[in-house]
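Report on one structure; see the data block that follows.
Number of protein chains: 2
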Amino acid sequence: NEKLMLYKLQLSHRQDSANLLVFIALLTLTILTIWLFKHRRFRFLHETGLAMIYGLLVGVVLRYGIHVPRDINNMTLSCLVNASPATLLVNVSGKFYEYTLKGEISANEISEVQDNEMLRKVTFDPEVFFNILLPPIIFHAGYSLKRRHFFRNLGSILAYAFMGTVISCFVIGMIMYGCVMLMKEVGQLAGEFFFTDCLFFGAIVSATDPVTVLAIFNELQVDADLYALLFGESVLNDAVAIVLSSSIVAYQPAGDNSHTFEATAMLKSFGVFLGVFSGSFALGVATGIVTALISSDFTKLRDFPLLETALFFLMSWSTFLLAEACGFTGVVAVLFCGITQAHYTYNNLSPESQDRTKQLFELLNFLAENFIFSYMGLTLFSFQYHVFNPMFIIGAFLAVFLGRAANIYPLSLLLNFGRRNKIGSNFQHVMMFSGLRGAMTFALSIRDTATYARQMMFSTTLLIVFFTVWVCGGGTTQMLSCMRIRVGVDSDQDNSVSRGQHPSSKHLYSRWTFDSNPFSYLKPILTHSGPPLTATLPACCGPLARCLTSPQAYEVSFRLPSVGTLTYGDVTVSADASGARASRGLGPLCGVTSDEALDRELAFGEQELVIRGTRLVLPMDDSEGPLAPALPPPPSGLDLRRHRE
Amino acid sequence: NEKLMLYKLQLSHRQDSANLLVFIALLTLTILTIWLFKHRRFRFLHETGLAMIYGLLVGVVLRYGIHVPRDINNMTLSCLVNASPATLLVNVSGKFYEYTLKGEISANEISEVQDNEMLRKVTFDPEVFFNILLPPIIFHAGYSLKRRHFFRNLGSILAYAFMGTVISCFVIGMIMYGCVMLMKEVGQLAGEFFFTDCLFFGAIVSATDPVTVLAIFNELQVDADLYALLFGESVLNDAVAIVLSSSIVAYQPAGDNSHTFEATAMLKSFGVFLGVFSGSFALGVATGIVTALISSDFTKLRDFPLLETALFFLMSWSTFLLAEACGFTGVVAVLFCGITQAHYTYNNLSPESQDRTKQLFELLNFLAENFIFSYMGLTLFSFQYHVFNPMFIIGAFLAVFLGRAANIYPLSLLLNFGRRNKIGSNFQHVMMFSGLRGAMTFALSIRDTATYARQMMFSTTLLIVFFTVWVCGGGTTQMLSCMRIRVGVDSDQDNSVSRGQHPSSKHLYSRWTFDSNPFSYLKPILTHSGPPLTATLPACCGPLARCLTSPQAYEVSFRLPSVGTLTYGDVTVSADASGARASRGLGPLCGVTSDEALDRELAFGEQELVIRGTRLVLPMDDSEGPLAPALPPPPSGLDLRRHRE
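First to last, the protein sequences are chains A and B. For the first sequence, counting from 1, position 595 maps to 595 in full-length UniProt numbering; every step adds exactly one. For the second sequence, counting from 1, position 230 maps to 230 in full-length UniProt numbering; every step adds exactly one.
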């Protein structure tokens, strides 16, 4: 019996390996095809769209091509007990076997459970998406944010992400409720569908995906502000949507199954939203700052890039785990951790670690993303409880369209009152058109497919994702040319800031930003970019400031005026799927000052990055390679070596 | 009920997150301490030893410090059925819950299962080690092999790894059998202990760990041949030990429980060993070659480093899965895949991908290794079925010592008959002393702790690992100076080969190597290093050879005579934990020819690597950075740009 049991476990392990192999083969195929597309400069189908197509094909084959006979090892025994513990010990003729709870199965599933062994095998636990695949994607989104343009458009981005998503959620929820009511009248509804379900649907399809469109934007070098608006919105509204949907689930009126409106429950939901969001935000930012502190100059961790990278990876991962352990949302925490890491920690890392971390998360993001999209394709055929209801689907497409419109147009109108560079109507149309749905929408909808309402939502969501990725994603290039959006814009050209004159620190921090008072004092402490604290704090705090400022911050600050004749390149963390640096502009140095003080501050942080970036190019140690002596010294009087100490 | 159930699942998820967080915190702490040690140049305790100490401390705290009360959610229900299927459906008052089989539990465990919730929570499924943690470690070992010295000592390494491990296994097995017999006489044995168990113990403690000692060797730059011998032996004997142990388990005489010797069963075991080993070997090499082909010049994949890296990662992973799905040993396949990737694919990759893949696997290796070692420390207190038997432990330490001696000394004596540069007695003593036991031994011993014999083995193995890592690992520096081993040796200085004269290809391939006939024809096809096929194949095969040889191989071959005055650096894939390049010699170019033709071939392959390596240092594109125009052209007449095409 023991032997048989071992054999069974082995067999199941071998099958698992084979199933995982199917996905790896799928990914490999996708990569090879992407390469072919890139090679031939074929731009109409993005890699995610491609991954979905391959997934679909495999799904068809698994569903109709392969018939796995009923598995004798997997027989089902019914055993009557009066509770469902997490661990079950089963006594089989004197031997005890341990079973762990996997989940509830609806009664109508039971008959099917055994028939489609193969389809069941390639089905992942939905929690895999939230705990393994989404975190690297979301972290990468935060880490690869182009900070300067993001913070310049922060107000608008927050408006779109928070108000916009809530508006979209409620508009879609209302329309769907109307649709469901109509369906009930016509007799097309085979199960219960409450208003909270409609709102939940609104929340999950309000999460727009940054991947597909922005890859194209990046390649075409679309206007940086449009890019920042769309990217910032997509990234943040994922966070809003996930918290919003969990708050809606938490909405539970006093009478357990009444599903009617109740003010206290509504307030409670709102409280949950605020609590979870701010908790996740705080956690993410906190871990980012702790990492920045650990990797700052006070420790000399930067001499060991491997340790640094490992630490960076572990700290970012622990944000996720910490948030989950505290009952917050790990994905949201990871997003803000990524933004904080990009803003503070990145500047502290050694050049090698900067490359390593970027490349590592780029790779993880690439793999996770393509995996999710090919799984999405697969699910259309492998999922066994699809409910495709034509009326619901038509209603949903209409609602998604109207919801997006109700988000973008009114908010843009409002925002344009306050903005100096207005969001033009062509920008608005592009934003309207580019609201693709992707990984987050899918992950949220597959998380719970137990009820009839949820199954119908899942099927409809899949179709929405397919449509938006293929049609909207494929039509982006046409849309851009149709709307006469500038392409081929170097994102840094129009913002070149004088480095010739060091602006007075008062002026530098005069506007509210992420780094404004009191945050402005954080950056010089956490990194060694930015003006030293001695310049920004009042004179009375002199000794404290000197103690908290690293020698390098002094150096950078005091050396800057002499850099006068050096042209500079601007390195930004790349969001480009092909791994090439996204933008590396050559802004000629001009004596003119820009009026945007904020720009200066943010660009200033990046300048520091460039100075370090050059270390990668110039071999500076004698051990660096045989060619080193043949190289001339750096062109300016800057002694880059002193940076390393 | 459904709500409660969801809540239970959520709670269990939160606990899992918290437990994983403990390990992440442990790793973070380890990294910070390692950094401190490296910073202070403290060399007596390696990071793995440190990780174990931290693990021990956490184990003590969990065991004696935290008392988690009996968990009400985890109650155990006994339910009598007559089989143990992989999936169990439990009918709880009309609702069906799905349970999955976790494993058998021995009767005496049942009483304890509930008491130590916390300890149970931090216990991983042993298969995690084999399927998640070991593969990156082993792959990295293969990928970071210093190929030149490895292949030069291949014969000796194979002898130590195959014959040595088998000798060690049987010697230890015999001694332990004697010890067990004695214990039975004295009445110290509380359960069954068969001869096969003894042999199994011999197999698992014969796997030596390459990590700790070699990190020190690397840092001190110990003699390259000694390094190659020890590293090669440690890496390969892991593979031998894992297959050997599974063959011993497969040894089953006709009468199921007789455990006596039987010739046919022995033969069957031997067949299993050969089949599994050669199958895994073939699979690993095959995947490596396929990857090399895909990333070769015929496809222009190297223009997209991200795709290339992703492909490399997926192919290497699929080796593991494929081997497991076929019933071979994934870890062994991954080892040979790594060696093949380093030998063939690495040369095809773009410089960026070379760095990326190295760094990626370095990071994975670092994390996995430290995780295993800290888990090892933890297990000493968290594992609940330890059987510490003083007699068995003393016997085991003696047996391990004698087993290692019976491996090294007689084999060295034999090998010295055939070797030109003899393995000196001081080398032999160091090899004897450096036989640390580590991750593989641990993973093999924790895989099955169901019986009394296995539990006793596991406890003893833990102690052996602790002792060897702390004492032998810590004493390596002393041992080296005591044995008067040369340190600070540049591994390439004594092997500098003339590139001024291109040796005749006949002479080049005159000795049997990995790349000897017919393998020699493989390398020019799979990579574009090495002499073109047109030079190595007979004249009649001219057209075929021209067709199979990439234009770059021609270029390299025909250009070499002109490189005459260029000094060269030798880059090897780094095995250094700190991420720095392991060895980068500056061999001055001399006109003298070395007598080792093999050296030339291997160095030749690495020369190609260097030429490409310089591309990292020299900015060659206009987009590369603002400083590019200021740099002089490369010192030699080589047009490096043409490499890229």
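Cβ atoms here follow ideal geometry from the backbone N, Cα and C, with glycine treated the same way.
Taking a 10 Å sphere around the C-beta of residue 26/A, we find 16 or more other C-beta atoms and assign the residue as buried. Using beta-carbon distances, residue 437/A does not count as an interface residue toward chain B, since no partner is under 9 Å. Runs of the alpha helix (DSSP H) spanning 4 or more residues and lying entirely within the stretch 351-419 of chain B occur at 351-382 and 390-418, in chain order.
Cβ-Cβ separation between residue 168/B and residue 407/B: approximately 4 Å, consistent with a contact (criterion under 8 Å). Neighbourhood of residue 428/B in chain A, by CB distance below 8 Å: empty, with the nearest CB roughly 33 Å away. Around the C-beta of residue 46/A, 16 or more other C-beta atoms lie within 10 Å, and the residue is accordingly described as buried. Close to chain B, meaning a Cβ-Cβ distance shorter than 8 Å, are the following residues of the stretch 17-38 of chain A: 17, 18, 20, 21, 24, 25, 27, 28, 31, 32, 34, 35 and 38.
The CB of residue 309/B comes closer than 7 Å to the CB of 363 in chain A, given here in chain order.
When Cβ pairs closer than 8 Å are counted between the two stretches, the stretch 203-219 of chain A is seen to touch the stretch 422-442 of chain A, the count reaching three or more. Legend: CB atoms of the stretch 307-331 of chain B lying less than 9 Å from CB atoms of chain A belong to residues 307, 308, 309, 310, 311, 313, 314, 315, 317, 318, 320, 321, 322, 323, 324, 325, 326, 327 and 330. Chain A has no Cβ within less than 9 Å of the Cβ of residue 7/B. In this structure, 444/A is the residue among 444/A, 350/A and 467/A with its C-alpha nearest to the C-alpha of residue 458/A.
Membership of residue 288/B in the alpha helix (DSSP H) is indicated by the continuous run 263-294. Secondary structure at residue 449/A: coil, using DSSP grouped into helix, strand and coil. Interface annotation for the stretch 218-249 of chain B against chain A: empty, criterion Cβ-Cβ distance under 8 Å. For residue 190/B, there is no enclosing alpha helix (DSSP H), as DSSP marks it with neither H nor E.
If you look at residue 135/A, you'll find it in the alpha helix (DSSP H) that goes 134-143. Taking the CA atoms as reference points, residue 375/B sits about 7 Å from residue 52/B. Annotation: residue 386/A to residue 236/B spans about 51 Å, alpha carbon to alpha carbon. In this structure, the beta-carbon distance from residue 176/B to residue 368/B does not fall below 9 Å.
Not a single C-beta of chain B is nearer than 9 Å to the C-beta of residue 209/A. Assignment of residue 123/A by DSSP, reduced to helix, strand and coil, places it in the coil class.
DSSP places residue 210/B in no alpha helix (DSSP H); its state is neither H nor E. Residue 444/B is outside the set of residues whose beta carbon lies under 9 Å from a beta carbon in chain A. Where residue 60/A is concerned, the enclosing alpha helix (DSSP H) starts and stops at 47-60. In chain order, 443 place their CB closer than 6 Å to the CB of residue 129/A, counting only its own chain and leaving out the 5 sequence neighbours on each side. For residue 201/B, the uninterrupted alpha helix (DSSP H) segment begins and ends at 195-204. Within 7 Å of the CB of residue 359/A, the CB atoms of chain B belong to 356, in sequence order along the chain. Distances from the CA of residue 412/B to each of 388/B, 131/B, 15/B and 426/B were compared; the closest alpha carbon is that of 426/B.
According to DSSP, residue pairing for residue 437/B in a beta bridge involves 208/B.
Annotation for residue 488/B: no alpha helix (DSSP H) segment contains it, and DSSP assigns it neither H nor E.
CA-CA distance, residue 152/B to residue 32/A, rounds to 37 Å. Counting C-beta pairs closer than 8 Å gives fewer than three between the stretch 267-276 of chain A and the stretch 308-317 of chain A, which falls short of the contact rule. Between residue 141/A and residue 335/A, the C-beta gap is smaller than 9 Å, which places the two residues in contact.
Following the DSSP letters along the chain, one finds residue 325/A inside the alpha helix (DSSP H) bounded by residues 305-326. Using beta-carbon distances, residue 454/A does not count as an interface residue toward chain B, since no partner is under 9 Å.
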